[in-house]
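> Here the sequence shown is numbered in this note's numbering, starting from 6 and rising by one per residue.
In this text, a Cβ means the ideal position worked out from N, Cα and C, and glycines have one as well.
Because the structure is a prediction, the values reported are computed rather than measured.
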Amino acid sequence: MSKEKVVFGTMNYLIMIAGVLLMIVGYFVMASDTEEYGFGARGLTVGPMIVLAGLIIEIVAIFYTPKKEA
Numbered sequence: 006m007s008k009e010k011v012v013f014g015t016m017n018y019l020i021m022i023a024g025v026l027l028m029i030v031g032y033f034v035m036a037s038d039t040e041e042y043g044f045g046a047r048g049l050t051v052g053p054m055i056v057l058a059g060l061i062i063e064i065v066a067i068f069y070t071p072k073k074e075a
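#1: Starting from the Cα of isoleucine 29, find the closest Cα among Lys72, Ile62 and Phe44 and give me that residue.
#2: Among Gly45, Phe44, Val56 and Tyr69, which has the Cα closest to the Cα of leucine 27?
#3: Considering only residues of the same chain and omitting the five flanking positions on each side of threonine 39, which have a CB-CB separation below 7 angstroms?
#4: Looking only at its own chain, which residues have a Cβ that is under 7 angstroms from the Cβ of tyrosine 69, when we skip the five neighbours before and after it?
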């Protein structure tokens, strides 16, 4: 078995998990809107903003590089 270098570090995966969880929360917020057809404030603004924040966190997780110690 050869030791291959992993693409992302542990911190990257933790940030990715946080982003996915935030997106799931956003989808639940959109689904829990009580207005007809989801046209309330939660379904149209709050939920999508939470999902967008999760996507931004995913982008940060991909580009995050830990600082090298001297």
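The answer reads as follows:
#1: The candidate whose alpha carbon is nearest that of isoleucine 29 is Ile62.
#2: With respect to the C-alpha of leucine 27, the residue from Gly45, Phe44, Val56 and Tyr69 having the closest C-alpha is Val56.
#3: In its chain, beyond the 5 residues on either side, Gly45 have a beta carbon closer than 7 angstroms to the beta carbon of threonine 39.
#4: So the qualifying residues of the chain are Met16, Asn17 and Ile20.
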